[in-house]
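Just below is one structure, and these are the notes that go with it.
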Amino acid sequence: MPYDPDHPPAKKFKPGSVFFRLDKQKPGMLLPGKAKATTPIDVQRKQLPIYQARAQLLSQLRQLHNAILIGETGSGKTTQIPQYLYEAGIGRQGLVAITQPRRVAAISLAGRVAEEKGTQLGKLVGYTVRFEDVTSPETKLKFMTDGMLLREAIGDPLLLRYTVVVLDEAHERTVHTDVLFGVVKTAQRRRKELGKIPLKVIVMSATMDVDLFSEYFNKSPVLYLEGRQHPIQIYYTKQAQSDYLQAALVTVFQIHQEAPPSHDILVFMTGQEEIEALARTCRDIAKHLPDNCGPMVVVPLYASLPPMQQLRVFQAAPKGCRKVILATNIAETSVTISGIKYVIDTGMVKAKRFNPDSGLEVLAVQRVSKAQAWQRAGRAGREDSGICYRLYTEQEFDHLIPMTVPEIQRCNLASVMLQLMALGIQDVMNFDFMSKPSPDAIRSAVEHLELLGAVERNNGQVLLTALGKKMSSFPLEPRYAKTILLSPNYACSEEILSIVSLLSVDSVLYNPPARREEVLAVRKKFMSSEGDHMTLLGIYRAFKKVSGNKEWCRENFVNSRNMGLVKDVQSQLREICFKLNLKLESCGADTGKVRQCLAHGMFINAAELQPDGSYLALDTHQSVAIHPSSVLFQAKPAYVVFNELLHTSRCYMRDLCLVDADWLLDAAPEYFGRKLRPTKS
DNA sequence: TTATTCCGG
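As C-alpha cells, this is what we get:
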C-alpha cells in the first residue's frame, strides 16, 4: 500500500487526540479515473473497467429476470449498462428506465449517455424529473428520479411501458427506492401471471446489503464489478474524544501546519450553527498563525445556504492558500468537490427519527453508521490517494451500526400508504417491504388516513375511498392534499394552493444568523397576527407583485430560488385541480375563510393553550411549544393548527395558524368529543 | 425562555 512519508500529520498531534496509522481499507473503495477530454468517446467507453466484463454481463443479463449489480463509483455501471442493454437489443420492445434518488443525477447522467451515443438529449436518451420531461416517442433509455417512476406507477402499476427497470444507488435506501422494490417485484409477478412481456429488474448498489437484496429478489444472482480506486489512509484517534468540535479544530490546524497548501480539507459536521461557529473560530485562529503557515480560506456548506454561496466550495483557493470546507452530510452524496485530499469525520450526523406513538419527529445528533463513515472517507482523494481522520477510536468505529437505518423505518408513512393503496395493492398492512417498518408505524399511518377520510375499513380490510383516490393524485402530504380538496367549500382555493405550495418547498425565508436584527426588522412589515400561513402568503404576494425581483428578495431576506419553486409547484397543483374539476377562486380580503379551511384540513395537528401558558397537542396530548421562528412566538393564541411537530431541544410546533375552537369541532365533532375546552367565541 | 440533517413528487 503506497504511503506518502512526506507528511505524516499524525505524529505531532496534541495530547488527547493522537492518531495512529491504519492500513485498513474499505473493500473495493473505488474512484473514478477521469478520461482525457481529447480521447474519442468510444475509446473512453472501452477504457472503463466495466468494459472488460461486457460480454459476460450481457449473457447473464439476457437470461436473468433479476440481477443485483455491485460496483463502486467509477466502474461505469450507471452510464454503460443501459447502453449495453440497448446495443445488445435487450428489452427493445419497450423502454429501459434507470432510476436515481436525485434530480441532478438523473439529468446529468442522461446528458452524458446521450453524448456517448452521439444523439440529442430527449431523443434516444432522455430524462424525466418533476417539472421536466425531456423525452420523446423515440426515447428508449430513460433516466428518472425514483419518485417519478413511483408517480407513473399510480397510473400504470404493471409499468407496461418498460421492459427493464434499473434501480440505481439502491444502497441509499430512500423511501422511494424502497417502495419501488415492492412495486417492481409485484409488477414482475403480475406480468408473468397475465402472460405480458416480462419485466427485467436490475438493482445496482455500492457494496453492502448484498444478501438482503438478493434474498428479496428471489435469491437473484449477484454480479460484482471492479472499479478504479485510489488508496485512502484511515486514522483513528487513540482515545475517545469528548468534544468532537474541539478535535476537529485541532485536526484542521494540525494538517494545515504540515501538509502542502494545495491539499484541501473537507470536514463533516452536523448542522448550520455548528458549522458557522467553527468557521468563525478557524478564521480567527488563521489570522494569528506563524509566518511559516500559509493563509486559509474557510468555506461553509449546507443545504440552506443560498446557491451563490454554495458555489464557493468549487472555487479553487488562491495559490499558496488552503481551502477548508465545513460541510453537513450534503457533501456525502449530493455535492461532489474535487481536489479534496483530507477528510475529517466527526462521526456525527443530524438525522430525523419518527415515533409512531407520539407522531413526533425527532431531529437529533447521532453517530453515523459504518457505511456512512466509509462514504465520507471515500470523499478524500477522488482523483488521487487521500487521507481520512476519524475523530473517534477504532473501537468506537467497530461499535457503529453497519448500515444506516433505511428511511422507510424512520419516517411518517401516511403518504407511502396512500400511494400503495392508489397502486391497487390489496393488503397494505402486509406489503412486501424489503425492510419492514414497524407494525405500529403502519397502523398509525392508516389511522391518520382514516381520520382524513382517505380510507375506510370494511371487514378488517382497508379500502381507499373516492376522496383518498383524489388525494393520491397530488404530489403532497395527504393532509395538504385534503386541505386543497376542501378549499372550494370555503371559496378560497387560490389562497390554499399558494399556501400549500409555500409549505411544500424548503423555507422561502432566509435567516442568516449573523444578521438576525436586520432580518427581524425587515420581517416585521409582513407579520400577520393570524399566523405563519398568512404571513407567508403575504410575502408570496409581495414577491409576485415585484415579479420576483432579485434585489427585492435580497433586501427582504427571501430565498428567490425556493420562491421560484413555489410557482412551479403551484402551477403543477393547479393543473391537477383542473383535471379534478375543482373550482378555483379567491376569497379576497376574507382571510378568515382561509384559516377556517386550514383548521378543517389540519385538525389532527391542533394545539390548545393551557392555563399555565404551555400548549397541549390535542391529538397525542403531548406538551408542545411554539417554535421561535413563528410569528406567533410572542403571542398566546387559544387554539392553533400547526404543520409539523419537531423535537429538537424541546418539542416545537412549526408554522402555526390561529384558529377558532368551533372550526375544529365542526371539522371533526366525534374526534374531538370533549377534547376541547368550552369555546369562548 | 428562543432555532431548521438531507432528499423527493
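Number 577 in this note's numbering belongs to position 570 of the first sequence; there are no gaps in the numbering.
Glycine included, every Cβ here is placed at the ideal spot set by N, Cα and C.
Everything numeric in this text was worked out from a predicted model, so none of it was measured.
Using CA coordinates, which residue listed in V141, V136, E123 is at the minimum distance from K130?
Looking up residue 130 in the first sequence gives position 123. Comparing Cα-Cα distances from K130 to each of V141, V136, E123, the minimum goes to V141.
Beta-carbon proximity list for A674, same chain, < 7 Å, skipping 5 on both sides:
Reading the first sequence from its first residue, position 667 is the one you call residue 674. Correct list, in chain order: A606, H607, F610.
Measure the CB-CB distance between L474 and L458 and report whether it falls below 8 Å.
In the first sequence, the residue the question calls residue 474 occupies position 467. In the first sequence, the residue the question calls residue 458 occupies position 451. Not in contact: L474 and L458 (Cβ atoms no closer than 8 Å).
Roughly how many whole angstroms lie between the Cα atoms of A177 and Y223?
Counting from 1 along the first sequence, the entry for residue 177 is found at position 170. Counting from 1 along the first sequence, the entry for residue 223 is found at position 216. Taking the straight line joining both Cα atoms gives about 13 Å.
Can you tell me whether DSSP reads D5 as helix, strand or coil?
As displayed, the chain neither begins before 8 nor continues past 688, which places residue 5 out of reach and without an answer.
Can you tell which of R417, D439, D271, Q426 has its C-alpha closest to the C-alpha of D447?
Against the first sequence, residue 447 aligns to sequence position 440. D447 has its Cα closest to that of R417, out of R417, D439, D271, Q426.
Neighbourhood of R464 by C-beta, 8 Å cutoff - its chain only, sequence neighbours within 5 removed:
In the first sequence, the residue the question calls residue 464 occupies position 457. So the list reads E457, L470, once near-sequence residues are dropped.
Tell whether a beta-carbon distance below 8 Å holds between R180 and E414.
The count along the first sequence starts at 1 and reaches residue 180 at position 173. The count along the first sequence starts at 1 and reaches residue 414 at position 407. It is a contact, given that the beta carbons lie within the stated cut-off.
In DSSP terms, what G133 is bridged to
Counting from 1 along the first sequence, the entry for residue 133 is found at position 126. G133 pairs with K149.
Judging by CA-CA distance, which residue of P313, C300, I344, Y497 is the nearest neighbour of V320?
On the first sequence, position 313 is the one that residue 320 refers to. Checked all of P313, C300, I344, Y497; the closest Cα to V320 is I344.
Along the chain, where does the alpha helix (DSSP H) that runs through N569 open and close?
Counted from its first residue, the first sequence places residue 569 at position 562. Its alpha helix (DSSP H) spans residues 567 to 586.
Does the beta-carbon of H270 have 16 or more other beta-carbons within 10 angstroms, so that it is buried, or is it exposed?
Counting from one through the first sequence, the residue named residue 270 turns up at place 263. Flag for H270 reads buried.
Would you mind sorting V553 into buried or exposed? The rule is 16 or more other CB atoms within 10 Å of its CB.
Position 546 of the first sequence, counted from the first residue, corresponds to residue 553. It is exposed - the Cβ of V553 has fewer than 16 other Cβ atoms within 10 Å.
Leaving out the 5 sequence neighbours to the left and right, which residues in its chain are closer than 7 Å to R374 when beta-carbon positions are compared?
Taking the first sequence and counting its residues from 1, one reaches residue 374 at position 367. Same-chain partners within the cutoff: G354, M355, L407.
Who are the near neighbours of N566 in its chain, counting only those whose CB is closer than 6 Å to its CB and skipping five residues on each side?
On the first sequence, position 559 is the one that residue 566 refers to. So the list reads V515, Y517, once near-sequence residues are dropped.
Determine which residues share a DSSP beta bridge with A104 and list them.
Here residue 104 refers to the residue found at position 97 of the first sequence. A104 pairs with K149, V172.
Which value, in whole angstroms, describes the spacing of the CA atoms of L623 and I633?
Here the question's residue 623 lines up with position 616 in the first sequence. Here the question's residue 633 lines up with position 626 in the first sequence. Cα-Cα distance, rounded: 11 Å.
Could you tell me the alpha carbon to alpha carbon distance between K124 and I97, rounded to whole angstroms?
On the first sequence, residue 124 is found 117 positions in, with the first residue counted as 1. On the first sequence, residue 97 is found 90 positions in, with the first residue counted as 1. About 17 Å.
Relative to the C-alpha of T244, which candidate in P635, Y399, S630 has its C-alpha closest?
In the first sequence, the residue the question calls residue 244 occupies position 237. It is Y399 whose Cα lies nearest to the Cα of T244.
Between G327 and the rest of its own chain, which residues show a CB-CB distance below 8 Å, the 5 nearest in sequence each way excluded?
Translated into the one-based positions of the first sequence, residue 327 becomes position 320. Correct list, in chain order: P268, G301, P302.
Under DSSP, the alpha helix (DSSP H) around E615 begins and ends at which residues?
Mapped onto the first sequence, residue 615 falls at position 608. Run containing E615: none in the alpha helix (DSSP H); it sits in the beta strand (DSSP E), 613 to 616.
Inter-stretch contact at 8 Å, needing at least 3 Cβ pairs: the region 168 to 176 / the region 132 to 147:
no
Distance between P519 and E265 (C-alpha atoms, nearest Å)
As a first step, residue 265 is located in the first sequence; it is residue number 258 there, counting from the start. As a first step, residue 519 is located in the first sequence; it is residue number 512 there, counting from the start. Their Cα atoms are separated by approximately 34 Å.
Using three-state DSSP, classify E368 as helix, strand or coil.
In the first sequence, the residue the question calls residue 368 occupies position 361. Here E368 sits in strand by DSSP.
Are there three or more Cβ pairs, one per stretch, closer than 8 Å when the region 150 to 165 is compared with the region 96 to 116?
yes
Could you tell me the boundaries of the beta strand (DSSP E) in which I546 lies?
By one-based count along the first sequence, residue 546 stands at place 539. I546 -> not in any beta strand (DSSP E); alpha helix (DSSP H) instead, spanning 539 to 552.
Member of S143, K149, L187 whose CA lies at the smallest distance from the CA of I161
In the first sequence, counting from the first residue as 1, residue 161 sits at position 154. If we check each option's Cα against that of I161, L187 comes out closest.
For L318, verify whether its CB is less than 7 Å away from any heavy atom of the ligand FMN.
Absent from the structure shown: the ligand FMN. Ligands present: none.
For Y58, list the residues DSSP reports as bridge partners.
On the first sequence, position 51 is the one that residue 58 refers to. Paired residue(s): none; Y58 is not in a bridge.
May I ask you to report which of helix, strand or coil DSSP gives Q240?
For the purposes of this step, residue 240 is identified with residue 233 of the first sequence, where counting begins at 1. In this structure, Q240 counts as strand in the three-state DSSP scheme.
Beta-carbon spacing of G538, V423 below 8 Å:
As a working note, residue 538 is residue 531 in the first sequence. As a working note, residue 423 is residue 416 in the first sequence. No, the Cβ-Cβ distance between G538 and V423 is not below 8 Å.
What's the C-alpha gap between Q248 and S376?
Residue 248 sits at position 241 when you count from the first residue of the first sequence. Residue 376 sits at position 369 when you count from the first residue of the first sequence. Their backbone Cα atoms lie some 18 Å apart in a straight line.
Roughly how many angstroms lie between the CA atoms of K199 and L219, to the nearest whole one?
Indexing the first sequence from 1 puts residue 199 at position 192. Indexing the first sequence from 1 puts residue 219 at position 212. Those two C-alpha atoms are separated by around 24 Å.
Measuring alpha carbon to alpha carbon, tell me which of K84, G366, R99 ends up nearest R69.
By one-based count along the first sequence, residue 69 stands at place 62. Nearest C-alpha to R69: R99.
Sequence-distant residues of the same chain with beta carbon closer than 7 Å to F440, five excluded per side:
Counting from one through the first sequence, the residue named residue 440 turns up at place 433. Excluding positions up to five away in sequence, the list reads D185, G189, I415.
What residue range is occupied by the uninterrupted beta strand (DSSP E) comprising S500?
The residue labelled residue 500 in the question sits at position 493 within the first sequence. Looking at the DSSP string, S500 is not in any beta strand (DSSP E); the run it does join, the alpha helix (DSSP H), is 500 to 510.
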